[in-house]
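Report on one structure; see the data block that follows.
2 protein chains.
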Amino acid sequence: MRFTGLSAFPITPADPEGRVDVAALRRLVARLCAAGVDSIGLLGSTGSYPYLTREERRRALDAALDEAGGRVPVMVGIGALRTDEAVRLAQDALAAGAAAGLLAAVSYTPLTDEEVFEHVATVARESGLPLCLYDNPSTTHFRFGPELIGALSRLPGIVAVKSPGQEPQAVAGHLAALRAAVPQTVSLGYSGDWTTTEALIAGADAWYSVVAGLFPQVALDIVRAVQRGDAAEARRLDARLGPLWALFRDYSSLRVMFACANLLDLCHAAPPRPILPLGEVARQRVAEVIRALDLR
Amino acid sequence: MRFTGLSAFPITPADPEGRVDVAALRRLVARLCAAGVDSIGLLGSTGSYPYLTREERRRALDAALDEAGGRVPVMVGIGALRTDEAVRLAQDALAAGAAAGLLAAVSYTPLTDEEVFEHVATVARESGLPLCLYDNPSTTHFRFGPELIGALSRLPGIVAVKSPGQEPQAVAGHLAALRAAVPQTVSLGYSGDWTTTEALIAGADAWYSVVAGLFPQVALDIVRAVQRGDAAEARRLDARLGPLWALFRDYSSLRVMFACANLLDLCHAAPPRPILPLGEVARQRVAEVIRALDLR
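The listed protein sequences correspond, in order, to chains A and B. FYI, in my numbering the residues of the first sequence are 1 to 296. FYI, in my numbering the residues of the second sequence are 297 to 592.
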């Protein structure tokens with residue numbers, strides 16, 4: 001399949017020992033299906049995938065796929081520090097029925113381009129799962145260049161690229177460099193919520209969205225405005241979310257989304273330690289923004 | 297105990313599935329004990345700790361402690377992405393008889409100072425294991441500032457700090473800032489082999505050394521020269537190792553040490569994938585340097 005439009009990335013509620021709260025996760029997935037997002041990005045960085053065991057990742061995947069019931073395709077994070085572990089996670093995802101795997105260059109020892117190429121090629125070959133390359137230098141500290149993406153996108157099974165947010169003046173050039181590097185069949189999308197409206201206007205195929213994981217409608221409104229050619233309306237809707245983007249920049253979108261989900265009684269869960277829940281002052285700011293923007 | 301002098305960090309030979317070759321590890325540890333290093337740093341970054349399961353880390357620790365037989369104290373890497381996992385690894389280390397745990401701020405989601413403080417405090421409190429703070433921004437992408445180190449070093453059980461290599465002109469200032477921040481009982485040491493001679497001359501307590509994990513004598517000669525006040529001889533010995541430091545900078549010390557250990561028939565093991573063994577050209581360079589410097 002080709003990933004286009006809005007891909008919504010929910011948090012993964014779990015208890016302090018790392019056991020996933022599948023009932024709460026189902027509630028989040030059900031909201032996304034009801035809203036009509038184009039795909040769901042389970043166990044992304046916002047979904048805390050590196051902090052969960054293989055078993056818990058499988059429990060989360062089974063619950064989400066069952067809840068989605070084939071209505072919405074599910075992409076799932078299969079990143080791991082070891083190549084053999086990423087292969088096993090990709091095999092689990094294929095067996096469970098995921099539409100694609102999202103594969104980041106998770107690293108501790110800094111990796112070379114050749115090492116990341118072999119890592120991705122091994123996972124693609126040994127799992128048979130369609131893959132989205134996940135370029136997330138803020139967490140992995142590896143940066144995919146257009147040359148590496150071009151080489152990888154020629155492997156069987158590489159269907160999409162998820163790039164990090166770009167500055168508004170840089171996104172068109174970034175997108176053009178990637179388009180020139182990859183086959184037409186490969187979808188090009190962006191994360192970094194507060195930068196993605198400009199990416200969509202510049203012609204990106206997909207928005208990999210954290211805010212949509214909890215508040216799909218505000219993100220869908222932007223995507224649908226761009227899709228019908230109304231860039232001005234998309235920019236107006238994006239600017240309206242400015243106070244939320246400020247929270248994301250100040251506290252990280254993951255910490256803010258956990259606070260939002262708890263404030264809305266959608267779950268009662270904290271991020272995995274060592275990540276701490278937001279303190280009282282920050283949570284009050286979050287509550288005010290939810291109220292002011294009428295997020296629900 | 298107070299960590300001073302030379303702490304030698306061996307690689308951890310393991311098979312492609314991540315099962316530790318304890319016979320080969322014992323050979324490496326025996327070399328270090330015979331050479332008379334001041335301590336051994338098991339399962340450091342060079343020892344691939346984040347790539348090994350808890351069970352394999354325990355197997356490596358048991359084998360190394362048994363081989364050391366109380367002759368040389370063993371510090372062991374207990375870092376993990378989750379706080380609860382780091383606590384369990386610290387408890388394992390204490391039960392096995394390690395002298396201290398080496399705790400890095402392993403991260404995926406970037407961490408705040410408060411989060412790292414709570415992470416370390418929890419591990420210290422819940423394990424009772426003496427800890428060395430492991431500041432390694434090149435792998436964790438978290439940087440410990442003097443203020444955070446000062447606050448942490450006042451917790452019961454924090455006995456040492458392992459800092460990353462500094463530029464020659466910066467190391468005295470870096471060391472002075474840390475000395476001013478921590479109690480006298482806390483030992484201050486450095487890694488980054490090609491920068492540590494100047495750190496020792498500037499008054500650092502310990503060298504956390506990758507080269508010493510395989511070639512302890514060349515590192516001991518430098519440490520003992522500094523300890524008897526002969527900075528000129530220490531600098532001469534350090535300069536002689538220049539070709540090896542160049543390899544470390546070009547290929548990373550971990551990849552070079554794996555190549556050396558294989559060339560010397562001390563083990564037949566590759567780094568954990570996705571990290572690749574050095575290619576043929578690089579390995580020939582390593583073999584030439586081993587020969588030219590008479591490393592054994």
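For glycine and all other residues, C-beta sits at the position ideal for the given N, C-alpha and C. Fair warning: this is a prediction, and the values are worked out from it, not measured in the lab.
Supposed contact pair leucine 321 of chain B and alanine 356 of chain B - C-beta distance, whole angstroms, cut 8 Å: Position 60 of the second sequence holds residue 356 of chain B. Position 25 of the second sequence holds residue 321 of chain B. Right, the Cβ-Cβ distance comes to about 6 Å (below 8 Å), so this counts as a contact.
Backbone CA spacing between glutamate 406 of chain B and serine 253 of chain A [nearest angstrom]: Stepping through the second sequence from its first residue, residue 406 of chain B is reached at position 110. Stepping through the first sequence from its first residue, residue 253 of chain A is reached at position 253. The residue asked about is misnamed: residue 406 of chain B is proline in this sequence, not glutamate. Roughly 12 Å between the two C-alpha positions.
Chain-order list of residues whose beta-carbon lies under 7 Å from that of valine 186 of chain A (same chain, five-residue window excluded): For this step, residue 186 of chain A is matched to residue 186 along the first sequence. Within the same chain, valine 186 of chain A has close Cβ partners Ser153, Ile158, Val159, Ala160, Val161.
Distance CB(glycine 165 of chain A)-CB(tyrosine 134 of chain A) smaller than 8 Å: Indexing the first sequence from 1 puts residue 165 of chain A at position 165. Indexing the first sequence from 1 puts residue 134 of chain A at position 134. Cβ atoms of glycine 165 of chain A and tyrosine 134 of chain A: not closer than 8 Å.
For cysteine 132 of chain A: DSSP bridge partner residues: As a working note, residue 132 of chain A is residue 132 in the first sequence. Looking at the DSSP assignment, cysteine 132 of chain A forms a beta bridge with A:Leu102, A:Ala160.
Minimum Cβ-Cβ distance from leucine 444 of chain B to chain A less than 8 Å: On the second sequence, position 148 is the one that residue 444 of chain B refers to. Not one chain A Cβ lies under 8 Å of leucine 444 of chain B.
Per-residue contacts from glutamate 17 of chain A into chain B (C-beta, under 9 Å): Translated into the one-based positions of the first sequence, residue 17 of chain A becomes position 17. In chain order: Asp380.
Methionine 75 of chain A (DSSP reduced to helix, strand or coil): In the first sequence, the residue the question calls residue 75 of chain A occupies position 75. Strand.
Start-to-end residues for the alpha helix (DSSP H) that takes in alanine 364 of chain B: Translated into the one-based positions of the second sequence, residue 364 of chain B becomes position 68. First-last of the alpha helix (DSSP H) with alanine 364 of chain B: 350-364.
Same chain only: Cβ atoms within 6 Å of aspartate 92 of chain A, ignoring 5 sequence neighbours per side: Residue 92 of chain A sits at position 92 when you count from the first residue of the first sequence. So the qualifying residues of the chain are Arg58.
Neighbourhood of proline 601 of chain B by C-beta distance below 7 Å, restricted to the same chain and skipping five residues each side: A query on residue 601 of chain B cannot be resolved here, the shown segment of chain B reaching from 297 to 592 and no further.
Closest by C-alpha distance to tyrosine 49 of chain A, when choosing among B:Ala476, B:Leu559, B:Asp358, B:Tyr404: Residue mapping note: residue 49 of chain A aligns to position 49 of the first sequence, counting from 1. Selected option, being the one with the closest Cα: B:Tyr404.
Selection of the region 564-585 of chain B by Cβ proximity to chain A, strictly under 9 Å: Pro567, Pro568, Arg569, Pro570, Ile571, Leu572, Gly575
Residues near valine 87 of chain A by beta carbon distance below 7 Å, same chain, minus five either side: Reading the first sequence from its first residue, position 87 is the one you call residue 87 of chain A. Closer than 7 Å at Cβ, skipping near neighbours: Thr122, Val123, Glu126, Ser127.
Test: threonine 12 of chain A CB closer than 8 Å to a CB of chain B: The sequence position of residue 12 of chain A within the first sequence is 12, counting from 1. Cβ-Cβ to chain B under 8 Å: no for threonine 12 of chain A.
Three-state class that DSSP yields for tyrosine 190 of chain A in the structure shown: Reading the first sequence from its first residue, position 190 is the one you call residue 190 of chain A. Note: tyrosine 190 of chain A maps to strand in three-state DSSP.
Endpoints, alpha helix (DSSP H) assigned at tyrosine 547 of chain B: To locate residue 547 of chain B, count along the second sequence from 1; it is residue 251. Counting along the chain, the alpha helix (DSSP H) containing tyrosine 547 of chain B begins and ends at 538-547.
Boundaries (first-last residue) of the alpha helix (DSSP H) holding glycine 173 of chain A: Numbered from its first residue, the first sequence carries residue 173 of chain A at position 173. From DSSP, the alpha helix (DSSP H) with glycine 173 of chain A extends over 171-181.
Chain A within 8 Å of proline 346 of chain B, Cβ atoms only: Counting from 1 along the second sequence, the entry for residue 346 of chain B is found at position 50. True, the Cβ-Cβ gap to chain A drops below 8 Å.
Buried versus exposed, by CB contacts within 10 Å (16 or more), threonine 197 of chain A: Locating residue 197 of chain A in the first sequence gives position 197, counting from the first residue. Buried.
Nearest residue (CA-CA) to glycine 77 of chain A, options A:Asp84, A:Leu131, A:Glu67, A:Arg71: Taking the first residue of the first sequence as position 1, residue 77 of chain A is located at position 77. Here the closest residue by C-alpha is A:Leu131.
CA nearest to the CA of proline 512 of chain B, picked from B:Thr300, B:Ala304, B:Phe299: Here residue 512 of chain B refers to the residue found at position 216 when the second sequence is read from its first residue. Comparing Cα-Cα distances from proline 512 of chain B to each of B:Thr300, B:Ala304, B:Phe299, the minimum goes to B:Ala304.
Contacting residues, own chain, Cβ-Cβ under 6 Å from arginine 240 of chain A (five flanking each side not counted): Numbered from 1 along the first sequence, position 240 holds the residue referred to as residue 240 of chain A. Correct list: empty, nothing qualifies.
Cβ pair threonine 308 of chain B, glycine 337 of chain B closer than 8 Å: Residue numbering aside, residue 308 of chain B sits at position 12 when the second sequence is read from its first letter. Residue numbering aside, residue 337 of chain B sits at position 41 when the second sequence is read from its first letter. For threonine 308 of chain B and glycine 337 of chain B, no; Cβs fall outside 8 Å.
Proximity to valine 211 of chain A [Cα-Cα], best of A:Thr4, A:Pro10, A:Ala292, A:Ala151: Along the first sequence, read from residue 1 onward, the residue named residue 211 of chain A stands at position 211. Nearest of A:Thr4, A:Pro10, A:Ala292, A:Ala151 to valine 211 of chain A, Cα basis: A:Pro10.
Closest by C-alpha distance to asparagine 558 of chain B, when choosing among B:Pro568, B:Trp541, B:Ala583: Residue mapping note: residue 558 of chain B aligns to position 262 of the second sequence, counting from 1. Nearest C-alpha to asparagine 558 of chain B: B:Ala583.
C-beta atoms of aspartate 289 of chain A and proline 243 of chain A nearer than 8 Å: Here the question's residue 289 of chain A lines up with position 289 in the first sequence. Here the question's residue 243 of chain A lines up with position 243 in the first sequence. Residue identity differs from the one stated: residue 289 of chain A is valine in this sequence, not aspartate. Yes. Within cutoff.
Neighbouring residues, chain A, relative to proline 464 of chain B (Cβ below 9 Å): Here residue 464 of chain B refers to the residue found at position 168 when the second sequence is read from its first residue. Chain A residues near proline 464 of chain B: none, gap ~23 Å exceeds 9 Å.
C-beta atoms of arginine 545 of chain B and isoleucine 571 of chain B nearer than 8 Å: Here residue 545 of chain B corresponds to residue number 249 of the second sequence, with the count starting at 1. Here residue 571 of chain B corresponds to residue number 275 of the second sequence, with the count starting at 1. No, the pair does not count as a contact, with Cβ atoms beyond the cut-off.
Below-8 Å beta-carbon distance, valine 20 of chain A vs any chain B residue: For the purposes of this step, residue 20 of chain A is taken as the residue at position 20 of the first sequence. It does not; no Cβ of chain B falls within 8 Å.
Within-8 Å CB hit, proline 460 of chain B to chain A: Taking the first residue of the second sequence as position 1, residue 460 of chain B is located at position 164. Not one chain A Cβ lies under 8 Å of proline 460 of chain B.
CB of glutamate 352 of chain B within 8 Å of CB of valine 325 of chain B, strictly: Indexing the second sequence from 1 puts residue 352 of chain B at position 56. Indexing the second sequence from 1 puts residue 325 of chain B at position 29. The answer is no: Cβ separation not under 8 Å.
Amino acids of chain B, ordered along the chain, whose beta-carbon sits closer than 8 Å to that of arginine 119 of chain A: Taking the first residue of the first sequence as 1, we reach residue 119 of chain A at position 119. Sequence check: residue 119 of chain A is histidine here, not arginine. By Cβ distance, chain B contributes Arg569, Pro570.
Sequence-distant residues of the same chain with beta carbon closer than 7 Å to threonine 4 of chain A, five excluded per side: By 1-based counting over the first sequence, the position of residue 4 of chain A is 4. Cβ within range, chain order: Asp38, Ser187, Asp205, Ala206.
Valine 200 of chain A to alanine 90 of chain A span [Cα, whole Å]: Within the first sequence, the letter at position 200 stands for residue 200 of chain A. Within the first sequence, the letter at position 90 stands for residue 90 of chain A. Sequence inspection shows leucine at residue 200 of chain A; the valine mentioned does not correspond to that position. In a straight line, the C-alpha of leucine 200 of chain A is about 29 Å away from that of alanine 90 of chain A.
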